[in-house]
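Take the sequence shown: its position 25, counted from the start at 1, is 25 in UniProt numbering, and no numbers get skipped. Glycine included, every Cβ here is placed at the ideal spot set by N, Cα and C.
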Amino acid sequence: MSKKLVAFFSASGTTKKVAQMIAEEAKADLFEIEPKVPYTKLDLDWMNKKSRSSVEMSDKKYRPAIMKKEMDMSSYDEILLGFPIWWYVAPTIINTFLEAYDFSGKKIVLFATSGGSGFGNTVKELQSSASDAVITEGRLLKCGTKQEITEWVNSL
């Protein structure tokens, strides 16, 4: 039986709730990707071009610092990686996470929460950060209902 990890970044708590339900359903370990400097409500104001999230997302090479935690990725076969969609893609903090650990030979299945937009170019923009892993677009979980999550996890 393969060992799964649910890794996630959540700025407002929405993705965290979904990730917890996925981990429970998949009987997977849970890992929170935490920024060194937490995001505030003002940081997340996408209408303000000078907000922290707007500045980060306007420079695809920008890598927000994360709290580096000891994690042996070699013990996992599959990583379910979750995040909110920002500007039609994953936040660049997800690139930071992928570049901080060794995902060689791993299968990474993405899931995201979003108020409306889809994955866009997310797989393409993340692949270079974990070039030896297979990254696939998983599911956009807008509502994150128990039934939706159960159906998705069972389809994996």
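| message | Let's see if you can read the secondary structure: which residues bound the beta strand (DSSP E) around V109? | response | Membership of V109 in the beta strand (DSSP E) is indicated by the continuous run 107 to 113.
| field | Bridge partner(s) assigned by DSSP for L7 | value | Checking the sequence shown, residue 7 turns out to be Ala, not Leu. Beta-bridge partners assigned by DSSP to A7: F31, L81.
| message | Once DSSP output is grouped into helix, strand and coil, what is the label at E70? | response | Looking at E70 - three-state DSSP - the assignment turns out to be coil, as it is neither helix nor strand.
| When DSSP labels each residue in this structure, what does V37 get in the three-state scheme? | Annotated three-state conformation of V37 is coil, per DSSP.
| said: Here's the rule I'm using: 16 or more other beta-carbon atoms within 10 Å means buried, otherwise exposed. How should Y39 be labelled? | reply: Buried, since its Cβ has 16 or more Cβ neighbours within 10 Å.
| said: Taking the alpha carbon of S117 as the reference point, which residue from R139, I135, F103, T145 has its own alpha carbon closest? | reply: Of the candidates R139, I135, F103, T145, the one whose C-alpha sits nearest the C-alpha of S117 is R139.
| query | So what's W152 in DSSP terms, helix, strand or just coil? | reply | In the three-state scheme derived from DSSP, where H, G and I count as helix and E and B as strand, W152 is classed as helix.
| field | Simplified DSSP assignment, three categories, for T145 | value | Residue state, collapsed to three classes: coil.
| said: Check for me: the alpha helix (DSSP H) holding K44 runs from which residue to which? | reply: One point to set straight first is that residue 44 is Leu, not Lys, in the sequence displayed. Annotation for L44: no alpha helix (DSSP H) segment contains it, and DSSP assigns it neither H nor E.
| request: Pair every Cβ in the region 141 to 151 with every Cβ in the region 8 to 22, then say whether three or more of these pairs are closer than 8 angstroms. | output: Yes, the region 141 to 151 is in contact with the region 8 to 22.
| said: For K61, count the other beta carbons within 10 Å of its own beta carbon; 16 or more makes it buried, fewer makes it exposed. Which is it? | reply: With a threshold of 16 other beta carbon atoms within 10 Å, K61 falls short and is exposed.
| Residues near S114 by beta carbon distance below 8 angstroms, same chain, minus five either side | Hits under 8 angstroms: P84, I85, L140, K142.
| message | With distance defined between alpha-carbon atoms, name the residue in D72, S155, L30, E56 nearest to G82. | response | Measuring from the Cα of G82, the nearest candidate turns out to be L30.
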